[in-house]
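Residue numbering for the sequence shown follows my numbering, starting at 39 and increasing by one per position. Here's the structure, in structure tokens; my notes come after.
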Amino acid sequence: MHKSTLWLLFYFVVLSLYALWSYSLTDPNLVLSSWPPYWNFQQWMWQTFFSNPQLLTYSYICLIIAALIGWYKAAQSLPAQTSYKKVLCYALLLSFPLWFSYNALSHDVFNYIFNAKMVVVYQEDPHVSVALNHPDDLWTRFMHNTHTPAPYGYGWTAFSLFPYMIGMGKFLFTWLVFRGMNVVALCLVFALLIKLARSLYIKTTPKDFALLFFHPLLLIEVVSNSHNDLWMLIPALASLLLVLTPQVKKSGWKVFLSLLLLLLSISTKMATIVLLPIWLIIVWHGLNTQLKWSHFLPRQLKRWVDVVTMLTIENLGFIASVLLFFPLFSSRSQLFHPWYLLWAFSWLPLIRVSWWKTILLAFSVSSLFRYVPWIFAGGFEGNVLLQQQAVTWLGAVVGLGLVLIYKRCFRS
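Listed below in structure tokens is the structure:
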């Protein structure tokens, strides 16, 4: 048995254990099933872990450390001849136990589901009305932020109607559909990144993709916690791909469709509005190639425009990642929630600037430990938020320092 297979098996077992551990944080007001074997298991998880914050926290730390070891070893030990399809299949296999895990670290998916229910059942606008207006609805018992309207754009609200209707209004089925939908999102992002790499003539390897798609941050936040951030990135990636397609005349309909896709992404979450300058530069480049608009510019300005255009296209992954990192400094991101890092981190296979990749990887590790103060305290009371921010930023700085020391010692 190849070494990579053993590490993949080890990592799969760790993620399966995490899936079991996640039920220790099931909301006490939520009964997913009355099936006796499940209910006995759920009661045991509450009594063993939920009632013991110290054990709950230490077990999470151990699982995350084991997951990070499994991720790195599984990605690095892949044989050179491994295909991209195999990497995707391995990623889907690793995500399988998380599909049946509980969204232990976030309640956001409950808000996605209920906002769709408000549109379909109550015929209300969740961006105006709030869940608290329906106190008799049993689903509000285990929701958080029932006093605030939907924080996402109308694009996401419209999209969330589809999994809700597929789930036929049944909570458990709809909950599973949302999770399955995010597995599909993994596949779409994988395919779009490969196509973008080819359009940009970026030489990538399957290991570059394994480093991202095997990562526990991506798998836990997208599949287990069911966050919608990849569904914001998918139309943005497709938008850029559409206007980047080489040797194809940029027709008006293609530019228009690309703009619609970017607007759809922005209407999901506003973060991708920072990609608008990149989109404009790429469209300018395509139109200028056909219409020679730059000939009408002063020579010095034309030279600067050409340099900026070529640097943007050649370093698209790096620039897009940096631009999407800036919103993480906002007060709304609370410096910053772990899943928000996916905005910048998802460009990893396209980034050729090694120091930026190292920074992203350092934050991807520290972000997973950001949950530790919250798990131990059982909420956000006191200075938990400040502790979380310290874990995210100081943890990343310490990680970067250790990497630099290791590299210097290795070179010596």
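Idealized CB from N, CA, C, for every residue including glycine. Being a predicted model, the structure only gives us computed values, none of them experimental.
Query raised in the report: How close, in whole Å, do the beta carbons of Leu-278 and Ile-320 come, if the pair is a contact with beta carbons under 8 Å?
Result: Position 240 of the sequence shown, counted from the start, is the residue given in the question as residue 278. Position 282 of the sequence shown, counted from the start, is the residue given in the question as residue 320. So it is a contact: roughly 7 Å between Cβ atoms.
Query raised in the report: How would you call Leu-298, buried or exposed, if buried means at least 16 neighbouring beta carbons within 10 angstroms?
Result: Against the sequence shown, residue 298 aligns to sequence position 260. The residue in question, Leu-298, is exposed, as its Cβ has fewer than 16 Cβ neighbours within 10 Å.
**Report entry** Whole-Å CB distance - Pro-273 paired with Leu-295, under 8 Å assumed
**Finding:** As a working note, residue 273 is residue 235 in the sequence shown. As a working note, residue 295 is residue 257 in the sequence shown. No, Pro-273 and Leu-295 are not in contact; Cβ-Cβ is about 11 Å, not under 8 Å.
Requested in this report: State the CB to CB distance for the pair Leu-386 and Leu-249, rounded to an integer number of angstroms; the pair is presumed to be in contact (CB under 8 Å).
Outcome: Walking along the sequence shown from the start, residue 386 turns up at place 348. Walking along the sequence shown from the start, residue 249 turns up at place 211. Right, the Cβ-Cβ distance comes to about 6 Å (below 8 Å), so this counts as a contact.
Query raised in the report: So, helix, strand or coil for Phe-228, using DSSP?
Result: Within the sequence shown, numbered from 1, the residue matching residue 228 stands at position 190. Here Phe-228 sits in helix by DSSP.
Query raised in the report: Alpha carbon to alpha carbon, what distance is there between Met-308 and Val-166?
Result: By one-based count along the sequence shown, residue 166 stands at place 128. By one-based count along the sequence shown, residue 308 stands at place 270. Approximately 18 Å between the Cα atoms of the pair.
Query - Neighbourhood of Thr-396 by C-beta distance below 8 Å, restricted to the same chain and skipping five residues each side - result: The residue you call residue 396 lines up with position 358 of the sequence shown. When the five nearest sequence neighbours on each side are left out, the beta carbons in the same chain lying within less than 8 Å of the beta carbon of Thr-396 are those of Leu-438 and Val-441, in order along the chain.
**Report entry** Proximity below 8 Å, CB of Phe-88 to CB of Ser-97
**Finding:** The residue you call residue 88 lines up with position 50 of the sequence shown. The residue you call residue 97 lines up with position 59 of the sequence shown. No, the Cβ-Cβ distance between Phe-88 and Ser-97 is not below 8 Å.
Query raised in the report: In chain order, which alpha helix (DSSP H) runs of at least 4 residues are fully inside the stretch 146-221?
Result: 146-158 and 192-204
Report task. Please name the residue in Pro-365, Leu-398, Gly-417 and Gly-355 whose C-alpha comes closest to that of Arg-390. Result -> Your numbering for residue 390 matches position 352 in the sequence shown. The candidate whose alpha carbon is nearest that of Arg-390 is Gly-355.
**Report entry** Whole-angstrom distance between Leu-373 and Thr-430, CA atom to CA atom
**Finding:** Position 392 of the sequence shown holds residue 430. Position 335 of the sequence shown holds residue 373. Thr-430 and Leu-373: Cα-Cα distance of roughly 8 Å.
Requested in this report: Quick one: residues in its chain with C-beta nearer than 7 Å to the C-beta of Val-215, no 5 flanking neighbours on either side, listed in chain order?
Outcome: Mapped onto the sequence shown, residue 215 falls at position 177. Cβ neighbours of Val-215 beyond the five flanking positions: Pro-201, Ile-204 and Gly-205.
Report task. Can you tell me the Cβ-Cβ gap for Thr-195 and Asn-153, rounded? I've got them flagged as a contact below 8 Å. Result -> To locate residue 195, count along the sequence shown from 1; it is residue 157. To locate residue 153, count along the sequence shown from 1; it is residue 115. That belief holds up - the Cβ atoms of Thr-195 and Asn-153 are roughly 6 Å apart, short of 8 Å.
Query raised in the report: Is the number of C-beta pairs between the stretch 43-54 and the stretch 119-133 that are closer than 8 Å three or more?
Result: yes
Query raised in the report: How close, in whole Å, do the beta carbons of Pro-244 and Tyr-122 come, if the pair is a contact with beta carbons under 8 Å?
Result: Numbered from 1 along the sequence shown, position 206 holds the residue referred to as residue 244. Numbered from 1 along the sequence shown, position 84 holds the residue referred to as residue 122. A Cβ-Cβ distance of about 5 Å is found for the pair Pro-244 and Tyr-122, placing them in contact under the 8 Å criterion.
Requested in this report: Give every residue of the same chain whose Cβ lies closer than 8 Å to the Cβ of Val-159, excluding the five residues on either side of it in the sequence, and list them in chain order.
Outcome: Stepping through the sequence shown from its first residue, residue 159 is reached at position 121. If we look at Val-159 and ignore the five residues flanking it on each side, its Cβ neighbours are Gly-207.
Requested in this report: Express the C-alpha separation of Pro-365 and Ile-99 in angstroms, rounding to a whole number.
Outcome: Mapped onto the sequence shown, residue 99 falls at position 61. Mapped onto the sequence shown, residue 365 falls at position 327. Each residue's alpha carbon lies about 28 Å from the other.
Query raised in the report: How is Thr-350 classed by DSSP in three states: helix, strand or coil?
Result: The residue you call residue 350 lines up with position 312 of the sequence shown. Reduced to three states, the DSSP call for Thr-350 is helix.
Query - the stretch 222-239 contacting the stretch 259-270, beta-carbon criterion three pairs below 8 Å - result: yes
Requested in this report: Output the distance between the C-alpha atoms of Thr-306 and Phe-50, rounded to the nearest integer angstrom.
Outcome: Within the sequence shown, the letter at position 268 stands for residue 306. Within the sequence shown, the letter at position 12 stands for residue 50. Rounded to the nearest angstrom, the two C-alpha atoms are 32 Å apart.
Query - Within the stretch 339-426, ranges of the alpha helix (DSSP H) (whole runs, at least 4 residues) - result: 354-363, 380-383, 392-407 and 409-415
Query raised in the report: Hey, would you say Leu-388 sits closer than 8 Å to Leu-234, going by beta carbons?
Result: Here residue 388 corresponds to residue number 350 of the sequence shown, with the count starting at 1. Here residue 234 corresponds to residue number 196 of the sequence shown, with the count starting at 1. Against a cut-off of 8 Å, the Cβ pair of Leu-234 and Leu-388 comes out as a contact.
Requested in this report: Could you check the C-alpha separation between Tyr-378 and Ser-371 for me, to the nearest Å?
Outcome: Your numbering for residue 378 matches position 340 in the sequence shown. Your numbering for residue 371 matches position 333 in the sequence shown. Those two C-alpha atoms are separated by around 8 Å.
Requested in this report: Between the Cα of Ala-415 and those of Leu-68, Leu-93 and Ile-107, spot the shortest distance and give me the residue it belongs to.
Outcome: Position 377 of the sequence shown, counted from the start, is the residue given in the question as residue 415. Ranking the options by Cα distance to Ala-415, first place goes to Leu-93.
Report task. Give the single residue among Trp-381, His-375, Val-168 and Leu-116 whose Cα lies nearest to the Cα of Phe-407. Result -> In the sequence shown, residue 407 corresponds to position 369, counting from 1. Among Trp-381, His-375, Val-168 and Leu-116, the Cα nearest to that of Phe-407 is on His-375.
Report task. Please classify Tyr-420: is it buried, with 16 or more other beta-carbons within 10 angstroms of its beta-carbon, or exposed? Result -> The residue labelled residue 420 in the question sits at position 382 within the sequence shown. The question names Tyr, but residue 420 is Gly in the sequence shown. Its Cβ having fewer than 16 others within 10 Å, Gly-420 is exposed.
Report task. Reducing DSSP to helix, strand and coil, say where Thr-95 ends up. Result -> Locating residue 95 in the sequence shown gives position 57, where the first residue counts as 1. DSSP places Thr-95 in helix when its eight states are reduced to three.
Query - Rounded straight-line distance, which links the Cα of Ser-198 to that of Gln-427 - result: Position 389 of the sequence shown, counted from the first residue, corresponds to residue 427. Position 160 of the sequence shown, counted from the first residue, corresponds to residue 198. Cα to Cα, Gln-427 sits roughly 31 Å from Ser-198.
Report task. Could you name the residues of the same chain whose beta carbon sits closer than 6 Å to that of Leu-380, not counting the 5 residues immediately before and after it, in chain order? Result -> Locating residue 380 in the sequence shown gives position 342, counting from the first residue. Cβ within range, chain order: Asp-267.
Requested in this report: Name the residue from Tyr-140, Leu-256 and Leu-70 whose alpha carbon lies nearest to the alpha carbon of Leu-58.
Outcome: Your numbering for residue 58 matches position 20 in the sequence shown. Nearest C-alpha to Leu-58: Tyr-140.
Query raised in the report: Pick from Phe-252, Tyr-150, Phe-363 and Ile-357: whose alpha carbon is nearest that of Lys-124?
Result: Along the sequence shown, one-based indexing puts residue 124 at 86. The residue with the shortest Cα to Cα distance from Lys-124 is Phe-252.
Requested in this report: Count the other C-beta atoms from every protein chain shown that fall within 10 angstroms of the C-beta of Trp-213, then say buried if there are 16 or more, exposed otherwise.
Outcome: On the sequence shown, position 175 is the one that residue 213 refers to. Its Cβ being crowded by 16 or more others within 10 Å, Trp-213 is buried.
Query raised in the report: Can you tell which of Ile-413, Phe-363, Leu-423 and Tyr-239 has its C-alpha closest to the C-alpha of Phe-401?
Result: Sequence index remark: in the sequence shown, residue 401 carries index 363 (1-based). Out of Ile-413, Phe-363, Leu-423 and Tyr-239, Phe-363 has the C-alpha closest to the C-alpha of Phe-401.
Query - Straight-line gap, Asn-183 to Ser-368 (C-alpha atoms, nearest Å) - result: By one-based count along the sequence shown, residue 183 stands at place 145. By one-based count along the sequence shown, residue 368 stands at place 330. Using only the alpha carbons, I get a separation of about 20 Å.
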